[in-house]
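Numbering (the working numbering), first residue to last: 7 to 435.
Each residue gets a CB set at the ideal place from its N, CA and C atoms; glycine is no exception.
Okay, structure first, notes after.
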Ligand code: EPU
């Protein structure tokens, strides 16, 4: 028995969709909140399974979590205990690794299981570990010596600020090292730091709590260690990847759609590509309006290379691929972040797309009409690509492994139904 999503496609969609708080911010803000010695209130929390798994982990640590309404989390770490994080919940998501930095910072030690998350090819965490070591932490692998369990221990006297150069501008390593460094003695400088908006969001919340983080949004983050953090109220930034997904849905299927609670500046590379291929859209301060894209309009082909922010986000190339099946000619997507992030292309091919993969480049030749099929969401953004394709296709699409979609898209079926989509969940054998 498995829950699937079924979509009857080829229906025009219209109306307004409100974007939720950023998943990739939220999954770091929740661990960051335990660094304080008072409750932290986080507003704009998306209803996704990654958040539920993190709440489970907080409770394992003795943290009190209240949800006064569906968008608010109150995280009270006053009764928190120094316990190992080794339950299955750790393996449900990638972001459980943020407890490495948070607990190392808070307690000076942490024993944690290897995180899970979407398989996008190898996803090492060597840069996180090197950063913790540079701050003085001892790293060991207890139990069987495999890297299934990691033990991090600060030296006598605590972590010490230092200069760390990241070989790759890793989002996760930047955030994790920043969290550990908040209580380190002296100054920590992270060079070649990632600049994603989510990093600014985490640093903003930590600074509201009393941290001294400078240089947010640049490649050099400077953290002056402090003694204690207090509580705060923080509203999460809108999810730029969810926003991009709905803009793509609108580009493919809407006569007129508003995507609200958006920071258009976070989407510049994606909006520029959409305009290049021939999509009509406009932006206001906090919304994107997609209009007048006729269903039979032939779009232009394009070449995309994924890049760290502010470049074209790797998380958007998969959903963008679905729209590129409408483009005339050969479009290419070159992955510079995750060379193997193309599992969605064979799934789109089941629906009639003409796709290929050559090295780190995905190829889509169009235009090809799409038809409904039984497909599998191999990872979160593959799921988004299949939903878009399902909305575009003739007939019924049945998407399996939707647990990946539920990890990152807040009430997707409800939002799409409100726009006029024929989408439902069903239990099948
Ligand atoms: N990398 C290393 N060593 C490390 C860390 C990263 O080699 O220690 C490599 C990765 O293998 C990858 C590149 O560096 O090739 C960039 O990885 P990064 O660390 O920036 O990615 P991440 O922090 O694991 C976050 C998002 C991803 C998003 C990437 C890139 C979260 C929880 N995840 O992952 O989001 O694709 O940044 O922007 O924030 C998604 O939302 O679907 C998703 C996968």
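Worksheet item: What do you reckon, is the C-beta of residue 134 under 8 Å from a heavy atom of ligand 1?
Response: yes
Item to complete: Return the residue from the list 180, 360, 350 and 381 that minimises the CA-CA distance to residue 108.
Response: 180
Practice prompt. Tell me whether residue 349 is buried or exposed, calling it buried when 16 or more other Cβ atoms sit within 10 Å of its Cβ.
Written response: buried
Practice prompt. Look at the Cβ atom of residue 198, then the Cβ atom of residue 137, and state whether they are nearer than 9 Å.
Written response: no
Fill in: Alpha carbon of residue 32 to alpha carbon of residue 177, nearest angstrom
14 Å
Fill in: Minimum C-alpha distance to residue 415 - residue among 275, 400, 285 and 388
388
Discussion item. What would DSSP say about residue 232, mapped onto helix, strand or coil?
Written reply: coil
Worksheet entry | Nonlocal neighbours in the same chain, by C-beta distance under 6 Å from residue 90, ignoring five residues either side | 117
Worksheet item: At which residues does the alpha helix (DSSP H) containing residue 398 begin and terminate?
Response: 386-398
Worksheet entry | With 16 other Cβ atoms within 10 Å as the buried cut-off, status of residue 192 | exposed
Item to complete: Taking residue 288 as the reference, give the member of 194, 253, 312 and 130 with the closest Cα.
Response: 253
Item to complete: Locate the beta strand (DSSP E) running through residue 147, then write down its first and last residues.
Response: Here residue 147 belongs to no beta strand (DSSP E), and DSSP marks it neither H nor E.
Practice prompt. Only counting runs of 4 or more residues, tell me where the alpha helix (DSSP H) segments fall wholly within the stretch 189-214, in order along the chain.
Written response: 203-214
Worksheet entry | CA-to-CA distance, residue 435 to residue 316, given in whole angstroms | 44 Å
Worksheet item: So is residue 239 buried or exposed if we call it buried at 16+ other beta carbons inside 10 Å?
Response: exposed
Worksheet item: If you check the beta carbons only, do residue 310 and residue 326 fall under 9 Å apart?
Response: yes
Worksheet item: Do residue 225 and residue 244 have their CB atoms nearer than 9 Å?
Response: no
Worksheet entry | residue 405 - partner residues in DSSP beta bridges | 11 and 381
Discussion item. By the three-class DSSP mapping on this structure, what secondary structure does residue 322 have?
Written reply: helix
Worksheet item: Sorry if obvious, but does the Cβ on residue 204 come closer than 8 Å to a heavy atom of ligand 1?
Response: yes
Item to complete: Look at the Cβ atom of residue 69, then the Cβ atom of residue 85, and state whether they are nearer than 9 Å.
Response: yes
Worksheet item: residue 77 to residue 51, Cα distance in whole Å?
Response: 5 Å
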